[in-house]
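Asks:
There are 2 protein chains.
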Amino acid sequence: MTSRISRVIVTPLAFADPPLLNVVGVHQPWALRAIIELHTDSGLLGLGETYADETHLRRLEAVADALPGQDPFDLHGLRRRVIDVLGRETGGGGASFGGMLDVSSAVDTVYAPFEVACLDLVGHEVGRPVSDLLGGAVRERVPFSGYLFYKWAGHPGRPDDGWGEALDPDGIVVQAKRMVDEWGFGALKLKGGVLHPDLECDAIEALREAYPELPLRLDPNGAWTPDTAAAVADRLAGVLEYLEDPTPGIEGMAYVAARTDVPLATNMCVIAFEHLAPAIAVDAVQIVLSDHHLWGGLRRSALLGGITETFGLGLSMHSNSHLGVSLAAMVHLAAATPHLTYACDTHYPWKTHDVVAPGVLAFDEGEVAVPTGPGLGVELDRDLLGELHEDYLRCGVRRREDTSYMRSIDPSFSPNTARW
Amino acid sequence: MTSRISRVIVTPLAFADPPLLNVVGVHQPWALRAIIELHTDSGLLGLGETYADETHLRRLEAVADALPGQDPFDLHGLRRRVIDVLGRETGGGGASFGGMLDVSSAVDTVYAPFEVACLDLVGHEVGRPVSDLLGGAVRERVPFSGYLFYKWAGHPGRPDDGWGEALDPDGIVVQAKRMVDEWGFGALKLKGGVLHPDLECDAIEALREAYPELPLRLDPNGAWTPDTAAAVADRLAGVLEYLEDPTPGIEGMAYVAARTDVPLATNMCVIAFEHLAPAIAVDAVQIVLSDHHLWGGLRRSALLGGITETFGLGLSMHSNSHLGVSLAAMVHLAAATPHLTYACDTHYPWKTHDVVAPGVLAFDEGEVAVPTGPGLGVELDRDLLGELHEDYLRCGVRRREDTSYMRSIDPSFSPNTARW
Numbered sequence: 118m119t120s121r122i123s124r125v126i127v128t129p130l131a132f133a134d135p136p137l138l139n140v141v142g143v144h145q146p147w148a149l150r151a152i153i154e155l156h157t158d159s160g161l162l163g164l165g166e167t168y169a170d171e172t173h174l175r176r177l178e179a180v181a182d183a184l185p186g187q188d189p190f191d192l193h194g195l196r197r198r199v200i201d202v203l204g205r206e207t208g209g210g211g212a213s214f215g216g217m218l219d220v221s222s223a224v225d226t227v228y229a230p231f232e233v234a235c236l237d238l239v240g241h242e243v244g245r246p247v248s249d250l251l252g253g254a255v256r257e258r259v260p261f262s263g264y265l266f267y268k269w270a271g272h273p274g275r276p277d278d279g280w281g282e283a284l285d286p287d288g289i290v291v292q293a294k295r296m297v298d299e300w301g302f303g304a305l306k307l308k309g310g311v312l313h314p315d316l317e318c319d320a321i322e323a324l325r326e327a328y329p330e331l332p333l334r335l336d337p338n339g340a341w342t343p344d345t346a347a348a349v350a351d352r353l354a355g356v357l358e359y360l361e362d363p364t365p366g367i368e369g370m371a372y373v374a375a376r377t378d379v380p381l382a383t384n385m386c387v388i389a390f391e392h393l394a395p396a397i398a399v400d401a402v403q404i405v406l407s408d409h410h411l412w413g414g415l416r417r418s419a420l421l422g423g424i425t426e427t428f429g430l431g432l433s434m435h436s437n438s439h440l441g442v443s444l445a446a447m448v449h450l451a452a453a454t455p456h457l458t459y460a461c462d463t464h465y466p467w468k469t470h471d472v473v474a475p476g477v478l479a480f481d482e483g484e485v486a487v488p489t490g491p492g493l494g495v496e497l498d499r500d501l502l503g504e505l506h507e508d509y510l511r512c513g514v515r516r517r518e519d520t521s522y523m524r525s526i527d528p529s530f531s532p533n534t535a536r537w
Numbered sequence: 118m119t120s121r122i123s124r125v126i127v128t129p130l131a132f133a134d135p136p137l138l139n140v141v142g143v144h145q146p147w148a149l150r151a152i153i154e155l156h157t158d159s160g161l162l163g164l165g166e167t168y169a170d171e172t173h174l175r176r177l178e179a180v181a182d183a184l185p186g187q188d189p190f191d192l193h194g195l196r197r198r199v200i201d202v203l204g205r206e207t208g209g210g211g212a213s214f215g216g217m218l219d220v221s222s223a224v225d226t227v228y229a230p231f232e233v234a235c236l237d238l239v240g241h242e243v244g245r246p247v248s249d250l251l252g253g254a255v256r257e258r259v260p261f262s263g264y265l266f267y268k269w270a271g272h273p274g275r276p277d278d279g280w281g282e283a284l285d286p287d288g289i290v291v292q293a294k295r296m297v298d299e300w301g302f303g304a305l306k307l308k309g310g311v312l313h314p315d316l317e318c319d320a321i322e323a324l325r326e327a328y329p330e331l332p333l334r335l336d337p338n339g340a341w342t343p344d345t346a347a348a349v350a351d352r353l354a355g356v357l358e359y360l361e362d363p364t365p366g367i368e369g370m371a372y373v374a375a376r377t378d379v380p381l382a383t384n385m386c387v388i389a390f391e392h393l394a395p396a397i398a399v400d401a402v403q404i405v406l407s408d409h410h411l412w413g414g415l416r417r418s419a420l421l422g423g424i425t426e427t428f429g430l431g432l433s434m435h436s437n438s439h440l441g442v443s444l445a446a447m448v449h450l451a452a453a454t455p456h457l458t459y460a461c462d463t464h465y466p467w468k469t470h471d472v473v474a475p476g477v478l479a480f481d482e483g484e485v486a487v488p489t490g491p492g493l494g495v496e497l498d499r500d501l502l503g504e505l506h507e508d509y510l511r512c513g514v515r516r517r518e519d520t521s522y523m524r525s526i527d528p529s530f531s532p533n534t535a536r537w
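If you read the sequences in order, they're chains A and B. Quick note: the first sequence uses the working numbering, first residue 118, plus one each step. Quick note: the second sequence uses the working numbering, first residue 118, plus one each step.
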């Protein structure tokens, strides 16, 4: 069993995305993703999914060129190849995603989808689901939270998206009701940083009234000053399961953490291994949101899980707009992470298209059953892949630019980071 | 591919051990180990090796009884079974090894050999070496250090062991010469805590004179007060590669670390995941010695490697008296640990018997080539296994008791912990 990677295909895709508002602007009409295919000389196929901003795409393609001959079991060797290629092709620079997430090295984000695809390949080669390759599933179903957004009824100049406008507590509760009724989520997260914090607290309190039992989270993506963040934590103590990134930076988060018992979570100030030691040293956060796209794939995300367990931190999971290959990878990772202490985030309900054949991934009572087939357990639908690639070619979007898209609608807009 | 564990055999062994001196006494004439065999319904065999103190052996046997039906891929499930069994059979108590190492929970030490044996099984099932299951070998050969001991010429009342007496610098240099000449080690470690620290410093300086280029380590197993430890570090600054456990406890080590630039290593104050956060918080150690027997197997030792890398600590590897199954596991782990920053310890040269068929594990220039066969890559020699089991039955030793054995020779002896 020494099958080698013989061919690598990187396919950029675009899929329709509603006008979801956030601290830096609003989602563009098209979200971008890339699907990685690793083919072996023995006829197997492994899949990965990642961001598709043009800089990232160039790096993925440079790595793709270097992979033929690689053994899919040799993940340390894969990582060395990625480091070599990035050093040669890009000077080893960092990476930026969505105008909010910046990392000083692109190695983990570029390595991640290839690692996932290698694990998918290995799973197919040995006839085992990816969760088995990560030590075995500790849960058969993975719980997700419903991800609520302030939003317009539709993109300006385009038809409404069917979800309706949500710019006040009532709109958020209506959205939550649809999420809970159709998908069964047992926890809810509101993306904040859009309106004045008092109004966002009103929305959380309205959700609490509508759903007395559901765990609630609020994530303003660092929109508040440390003092405002502490005041919000005061107001929502006993209401929130956790407060995510109320203020930017490890120092600010530590200031807030010292002033509240509400657990603080992050996907902004701790998004790479280098951030863990400084954050732990000042007790800046109580919960880290893992994200295998950002943290270097499934095995390094498992390492993050072990680190959070070792240092007494909670562990949840972050999500960007994504398709089914990523959902499958998230589910296998979550299933094989004993220390996962919260329901995972997902943007999945907000999209209307996918590239995986239907039937394997389904939400039932807010949970997704762990696929039991070999590898990730999902199959690429080449017709759907072709359609979304056509959309990519046609749509003209080449990077995620929430701020400039927002400014094309409201020229006075500027990002809300620590505004309030 | 759903082979299941069908039969488990735990075989306690004894093998001759020279009178190696340490802080708590002297090695008994017989060292104990246990070999774990996991047989599957598909006819595969997986091997593990661990301690064989009688308390540990009882726990191993209790777990062995619970394993038939277990999927060797499901390591998280294996761990749950170990936790269940230990809770039921032993009340969940801790474990003690060699009079020096105490852990508050026996889960990791009991789980470890079964985990290794499962990885050996999985490797055989998929036709891959264990290093491939850990992410791939980053080195084809694993460097070890020569492990020097103060010792008598032989056990009292028994023939000399052929290594001669080593109770002064000359004796240590002669021993080092044999280690280097016969095994090719490129680093040397002296087990201290036996003589006055001035005399042990003399020995290190004699080694430096004899081997101007070899990295040197001194490990007195916590024999010194913090102030003595700081004074020794002063004297040996620029001579030692690292100083291992000069004084007991995280607090004492932090005191010494603040007073010297000599890196402090530990296999005593950080020997379980629960010790990492407190040690890191006070910068008590710069290097952790991993040991898969103690840290819960190969995957959890890989987690330890990732934690040390994340927190800027060095990583070396500890050894107790062991046989070839353990050596193979150590080599695969070391090969697949990118962050391993020092040559590993091994007691291997001090034993005269083994249970693995010869030919795979060999020291060349102080290094062992990573086995490339499936699983651990070593084969049990059933004749040798039978012989060492007979020795176990005959020898009467049922636990490691360096102190009481020493007292049978020198009734006035008491352990040297923080004596000087």
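C-beta atoms are modelled at their ideal positions from N, C-alpha and C, and glycine is treated no differently. Treat the numbers as computed from the prediction; the structure is a model and nothing was measured.
Per DSSP, what are the beta-bridge partners of ASN139 (chain B) in this structure?
Replies: Paired residues: B:GLY142.
Asks: Can you give me the start and stop residues for the alpha helix (DSSP H) that MET447 (chain A) sits inside?
Replies: 441-452 is the extent of the alpha helix (DSSP H) around MET447 (chain A).
Asks: Measure the alpha-carbon distance for SER213 (chain B) versus ARG121 (chain B) and round it to whole angstroms.
Replies: Taking the straight line joining both Cα atoms gives about 32 angstroms.
Asks: Would the segment 175-192 of chain A and the segment 246-253 of chain B be scored as touching if the rule is three or more Cβ pairs under 8 angstroms?
Replies: Output reads yes: the segment 246-253 of chain B touches the segment 175-192 of chain A.
Asks: Use the C-beta contact count for GLY309 (chain B): other C-beta atoms within 10 angstroms, 16 or more gives buried, fewer gives exposed.
Replies: Buried is the call here.
Asks: Counting pairs of Cβ atoms below 8 angstroms between the segment 479-495 of chain A and the segment 234-245 of chain A, do you hit three or more?
Replies: The segment 479-495 of chain A, when compared against the segment 234-245 of chain A, does touch it at the 8 angstroms Cβ threshold.
Asks: Over what stretch of residues does the beta strand (DSSP E) that includes SER433 (chain A) continue unbroken?
Replies: Counting along the chain, the beta strand (DSSP E) containing SER433 (chain A) begins and ends at 431-434.
Asks: Let me know the alpha helix (DSSP H) ranges lying completely inside the segment 486-519 of chain B, each 4 residues or longer, listed in chain order.
Replies: 499-512, all fully within the segment 486-519 of chain B.
Asks: In three-state DSSP terms, what is VAL220 (chain A)?
Replies: Reduced to three states, the DSSP call for VAL220 (chain A) is strand.
Asks: Quick check: the segment 440-455 of chain B against the segment 446-453 of chain A, are there 3 or more CB pairs under 8 angstroms?
Replies: No, the segment 440-455 of chain B is not in contact with the segment 446-453 of chain A.
Asks: Roughly how many whole angstroms lie between the Cα atoms of PRO343 (chain A) and LEU203 (chain B)?
Replies: Those two C-alpha atoms are separated by around 47 angstroms.
Asks: For PHE260 (chain B), list the residues DSSP reports as bridge partners.
Replies: Sequence check: residue 260 (chain B) is Pro here, not Phe. B:GLU484.
Asks: By how many angstroms is the C-alpha of MET434 (chain A) removed from the C-alpha of LEU406 (chain A)?
Replies: So the alpha carbons of these two residues sit roughly 4 angstroms apart.
Asks: Report the start-end ranges of each alpha helix (DSSP H) in the segment 245-323 of chain A that is 4 residues or longer and not cut off at the edges.
Replies: The segment 245-323 of chain A contains these whole alpha helix (DSSP H) runs: 247-250 and 286-300.
Asks: Roughly how many angstroms lie between the CA atoms of ASN384 (chain A) and ASP362 (chain A), to the nearest whole one?
Replies: Taking the straight line joining both Cα atoms gives about 7 angstroms.
Asks: What's the call for PRO314 (chain B), buried or exposed, on a 16-neighbour Cβ count within 10 Å?
Replies: When all chains shown are included, PRO314 (chain B) counts as buried.
Asks: Keeping to the same chain, check which residues put their C-beta closer than 7 angstroms to that of ILE388 (chain B); ignore five residues upstream and five downstream.
Replies: Correct list, in chain order: LEU218, VAL220 and LEU411.
Asks: How is the alpha helix (DSSP H) around VAL349 (chain B) delimited, first residue to last?
Replies: First-last of the alpha helix (DSSP H) with VAL349 (chain B): 343-353.
Asks: Report the three-state DSSP secondary structure of THR172 (chain B) (helix, strand or coil).
Replies: Reduced to three states, the DSSP call for THR172 (chain B) is helix.
Asks: Enumerate, from N- to C-terminal direction, the unbroken beta strand (DSSP E) stretches of 3 or more residues contained entirely within the segment 370-395 of chain A.
Replies: If we require 3 residues or more, the beta strand (DSSP E) runs fully inside the segment 370-395 of chain A come out as 381-383.
Asks: Could you name the residues of the same chain whose beta carbon sits closer than 7 angstroms to that of VAL290 (chain A), not counting the 5 residues immediately before and after it, in chain order?
Replies: The answer, listed in chain order, is ALA323, LEU324 and ALA327.
Asks: Residues in the segment 442-460 of chain A with C-beta within 8 angstroms of chain B's C-beta atoms, listed in sequence order?
Replies: Of all residues in the segment 442-460 of chain A, ALA453 and PRO455 have a Cβ within less than 8 angstroms of some Cβ in chain B.
Asks: Among A:ALA148, A:ARG245, A:VAL442 and A:ALA419, which one has its Cα closest to the Cα of PRO136 (chain A)?
Replies: Among A:ALA148, A:ARG245, A:VAL442 and A:ALA419, the Cα nearest to that of PRO136 (chain A) belongs to A:ALA148.
Asks: Find out if the Cβ-Cβ distance for the pair VAL140 (chain B), THR463 (chain B) is shorter than 8 angstroms.
Replies: Going by C-beta atoms, VAL140 (chain B) is not nearer than 8 angstroms to THR463 (chain B).
Asks: Would you verify that the beta carbon of LEU353 (chain B) is, or is not, closer than 8 angstroms to some beta carbon of chain A?
Replies: Not an interface residue.
Asks: Might you give, ordered along the chain, the residues of its own chain that have their beta carbon closer than 6 angstroms to the beta carbon of ALA88 (chain A), omitting 5 neighbours on each side?
Replies: Nothing about residue 88 (chain A) can be read from this structure; chain A reaches only from 118 to 537.
Asks: Since ALA148 (chain B) is in the beta strand (DSSP E), which residue starts that stretch and which ends it?
Replies: Looking at the DSSP string, the run of the beta strand (DSSP E) that includes ALA148 (chain B) is 147-157.
Asks: How about GLY413 (chain B): is its C-beta nearer than 8 angstroms to some C-beta of chain A?
Replies: Cβ-Cβ to chain A under 8 angstroms: no for GLY413 (chain B).
Asks: Comparing C-alpha positions only, which one of A:LEU357, A:GLY369 and A:ALA320 sits nearest to LEU333 (chain A)?
Replies: The candidate whose alpha carbon is nearest that of LEU333 (chain A) is A:LEU357.
Asks: Please identify, using Cβ separations under 7 angstroms, the residues of the segment 240-257 of chain B that lie next to chain A, in order along the chain.
Replies: Here the close residues are VAL243, GLY244, ARG245, ASP249, GLY252, GLY253 and VAL255.
Asks: Smallest Cα separation from ASP408 (chain B): which of B:LEU420, B:ASP400 and B:ALA398?
Replies: The residue with the shortest Cα to Cα distance from ASP408 (chain B) is B:LEU420.
Asks: What first and last residue would you give for the beta strand (DSSP E) that runs through LEU333 (chain A)?
Replies: Residues 333-336.
Asks: Quick one, which of B:LEU312, B:ALA270 and B:VAL311 has its alpha-carbon nearest GLN292 (chain B)'s?
Replies: Out of B:LEU312, B:ALA270 and B:VAL311, B:ALA270 has the C-alpha closest to the C-alpha of GLN292 (chain B).
Asks: Among the candidates B:ALA169, B:ALA396 and B:THR157, whose CA atom is the shortest distance from the CA of GLY186 (chain B)?
Replies: If we check each option's Cα against that of GLY186 (chain B), B:THR157 comes out closest.
Asks: Look up GLU361 (chain B) in the DSSP assignment and say whether it is helix, strand or coil.
Replies: In the structure shown, GLU361 (chain B) sits in a strand (DSSP, three-state: E or B).
Asks: Exposed or buried, ALA151 (chain A), counting other C-beta atoms within 10 Å across all chains shown (16 or more means buried)?
Replies: The residue in question, ALA151 (chain A), is buried, as its Cβ has 16 or more Cβ neighbours within 10 Å.
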